[in-house]
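One point on numbering: in my numbering, the residue at position 5 of the sequence shown is 6, and numbering is uninterrupted.
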Amino acid sequence: MRIRGGRLPIGRNPAGASDEGASDEAASGEGTSAEGASAEGASAEGTSGEGTSGEGGSGDGGSGDGQAAGGRGSAGTGTLSSPWARGTAALLAGALPALAFPAPGLWWFAYVALVPWLLLIRTAHSPRRAALDGWIGGIGFIIAVHHWLVPSLHVFIVLLAALLGLLWAPWGLLVSRLLGGSPSASRAVAAVVVVPSGWLMIELVRSWEGLGGPWGLLGASQWEVAPALRVASVGGVWLVSLLVLAVNTGAALLVADRAARTTAGVLLVVCALSVAAMWAWAPRPTDTGTVRIAVVQPGVVEGPGSVARRFDRGVELTRSLEGRGVDLVVWGESSIGAGAWERPETARRLAELSRRVGADLLVNVDARQTDGSGRSGIFKSAVLVGPDGPTGDRYDKMRLVPFGEYVPARSLLGWATSVGKAAGEDRLRGDRQVVMTLPDGARGLRIGPLVCFESAFPDMSRRLVRDGAQVIVAQSATSTFQDSWAPAQHASLGALRAAENGRPMVHATLTGISAAYGPRGERVGSPLGTDASAAEVFDLPLARGSTLYGRLGDWPVYGALAALAVLCAVEGLRALRRPAPGPPGPPARTAHGSPGRPGR
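Encoded structure:
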């Protein structure tokens, strides 16, 4: 079969060329073979001078540097071509950041832990695959950071992780959009700003109490790094998370694309200079003296009558503080159970302890009570006890642990009590935060109590300080997770809360880890580990003045929202400016007898 006509004009259909022109050229009177027409179409599409705007397209609008995410560096071939292999890689990559948190405590690893996950997502061949990589990686992150919940949740932790992991699906699309292909300088800058902003939105949504609260925020992994604590005083844990994500994104750009390395290097230097500027110029709290606060940690007490025996151990340890000049003695969460609190003898013994030690006691009651508004039920309450008994100062826990202290939608999910260790009866929550004032003997010290995982919520400690608290006191119990990473993770949160607000913080537990932190987040004294049954005295430096975070609040969250809004606006304008496709041209001539055009 002879094909008439001239040569095929490969590559002569640049972006923006009229469809009619391309058609006329391809369908010149001589006619071409079906194979030739196909090659022409492929060439015209594949050699277009304008980068496509799919998942890996140009993020800076027609600069010509865009490349589909499935192009260079794509995982379309090789080991990760299998969906199962790619899914496993995403699961493991998402789990890596957990190593930066206590107990492994590899804080430095946080700055590169996300790089494998970012590199994997950028090679996704489609938006659907990028979202799937984000979702699966999110599942890995949730399970790794919260794996210590397995004894309580059993297989339900997988369901929980699958639901929360969906938050990372849009983030996967964002990563693919900004890091895919060969990013230009402007797209690299956008990536270092917007990718961390997208992650921060995930942390914000996860921080809702009903979804488990702000546990495992990436910035919290930097709790013992002095420059990071300085950053926290400026923008809270949110700003630290943004910094960690920005460094990871810049590192991914360094690895992924040679053309973007200069821009990525400059951006990383900018991050370092920003931290140096905050270290030098951010307001610092001014020391105003010290206060002596003792923590009583009974340790693990198990078996029949454990609640009563734990109370007796707490009494014994408190007596050992006599003559040590303490201003306040703090017991852990649920240090007094229902049975003990209902007996008048308990109040008498606590008052006698207060007189003997010469300081008020802050105990924690987990029992059926009636609050000021007349509600009756089980409350977890921080109660201040003086030489004459309970002073009337009481704080009822406001943010309860889902399933641990109440079952959401109990009428639907009440069956969870027969499978895991869900609460058999819902606790009641308090309706306001409380600042307690100690007697003149303790110089009128004002303390702000928190209970359990309330220390994970930045807004609660900030509110207490704004209401006048000089010391933040958290009462906790993690005995259910005694041999896991949970006690260390929980205790580390105190450093962030102290640095954010420029006020010292005490973290008192029943079974460890109990610790204290100064107003800059620095550790004070020696913590009581999970193997200790002891009373420890901490000389805490007091401070005055406010941090930038204390004044401005969660401004990094609003900044991240603004960055995402700008991206959406730019993408929307770009879509409006994109020319609509023209009418299809006349069909190209084909060989005689082809299915497309029967022979004449």
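Using N, Cα and C, we set each Cβ at its ideal position, and we do this for glycine too.
Contact check, residue i vs residue j, beta carbons under 8 Å
i	j	result
I144	I158	yes
G333	N365	yes
G251	L269	yes
A253	L119	yes
M279	V241	no
Y550	S234	yes
F380	L439	no
A104	F110	no
A230	A475	According to the sequence as given, residue 230 is Leu; it is not Ala. No, the Cβ-Cβ distance between L230 and A475 is not below 8 Å.
G315	P305	no
W239	V558	yes
K95	F142	Checking the sequence, you will find Gly at residue 95 rather than Lys. Yes, Cβ-Cβ distance for G95 and F142 is below 8 Å.
V472	V296	no
D313	S335	no
L161	L154	yes
N502	S462	yes
V385	D394	Reading off the sequence shown, one finds Leu at residue 385, where the question assumed Val. Yes, the Cβ-Cβ distance between L385 and D394 is below 8 Å.
R524	S456	no
L494	A221	yes
W172	I203	yes
A564	V195	yes
Residue i, buried or exposed, once every other Cβ within 10 Å from all chains shown has been counted against 16
i	result
L164	exposed
V206	exposed
W282	exposed
T479	buried
R609	Residue 609 is absent from the structure shown; the chain starts at 2 and stops at 601.
D258	buried
R311	buried
P488	buried
C453	buried
H126	buried
L574	exposed
A86	exposed
P117	buried
D134	buried
S19	Residue placement at S19 cannot be trusted, given a pLDDT of 38 that sits under 50; what the coordinates show is reported in the next sentence. Label assigned to S19: exposed.
R400	buried
N14	Confidence is the limiting factor: at N14 the pLDDT is only 40, short of 50, which leaves the residue's position unreliable, though a coordinate-based value still follows. Result: buried.
A309	exposed
E303	exposed
A28	Residue confidence for A28 is low, a pLDDT of 35 falling below 50, so the modelled location carries little weight and cannot support an answer.
R504	buried
R188	buried
P584	exposed
S355	buried
R320	exposed
A576	exposed
E41	Residue placement at E41 is flagged as unreliable, the pLDDT there being 36, under the threshold of 50; a coordinate-derived value is accordingly withheld.
A261	buried
Nearest-angstrom beta carbon gap, residue j and residue i [assumed within contact, 8 Å]
i	j	result
T287	R552	The Cβ separation is near 15 Å, so there is no contact.
G236	W486	With 8 Å as the limit, G236 and W486 do not qualify as a contact, their Cβ atoms being about 26 Å apart.
I294	V507	5 Å
A496	E225	7 Å
V435	R447	That pair is no contact at about 11 Å.
G243	P197	For clarity, residue 243 is Leu in the given sequence; the question names Gly instead. About 5 Å separates the two Cβ atoms, so the contact holds.
A170	A227	36 Å between Cβ atoms; not a contact.
P284	T548	6 Å
V245	Y112	6 Å
H147	G211	Wrong, their Cβ atoms sit about 15 Å apart, outside the cutoff.
I122	V190	No, I122 and V190 are not in contact; Cβ-Cβ is about 19 Å, not under 8 Å.
T512	Q490	No, T512 and Q490 are not in contact; Cβ-Cβ is about 15 Å, not under 8 Å.
A561	L115	About 16 Å separates the two Cβ atoms, so there is no contact after all.
C272	V256	Not really, about 17 Å apart at Cβ, beyond 8 Å.
L180	P128	The Cβ separation is near 14 Å, so there is no contact.
Residue i: CB within 7 Å of a non-hydrogen atom of the ligand ADP
i	result
W332	In terms of ligand content, the structure shown is empty, and the ligand ADP therefore cannot be addressed.
Within the chosen definition, does the segment 324–337 reach the segment 354–369 through at least 3 CB pairs nearer than 8 Å?
-> yes
Just checking, does the segment 529–536 make contact with the segment 465–477 on the three C-beta pairs under 8 Å criterion?
-> no
Taking one C-beta from the segment 344–352 and one from the segment 370–379 each time, how about it: are there three or more such pairs within less than 8 Å?
-> no
Which parts of the segment 321–381 are runs of the beta strand (DSSP E), unbroken and 3 residues or longer, counting only runs that do not cross its ends?
-> 329–332, 361–371
Is the segment 515–530 touching the segment 337–344 in the sense that three or more CB pairs, one from each, lie closer than 8 Å?
-> no
Can you list, in chain order, the stretches of the alpha helix (DSSP H) that have 4 or more residues and sit fully within the segment 66–149?
-> 84–96, 116–123, 128–146
If you scan the segment 447–486 from start to end, which runs of the beta strand (DSSP E) of 3 or more residues do you find wholly inside it?
-> 447–452, 472–477
Could you name each continuous alpha helix (DSSP H) segment of 4 residues or more that falls completely within the segment 158–198, going from the start of the chain to the end?
-> 169–180
Report the residue ranges of all alpha helix (DSSP H) runs contained in full by the segment 554–583; include only those spanning at least 4 residues, in chain order.
-> 556–578
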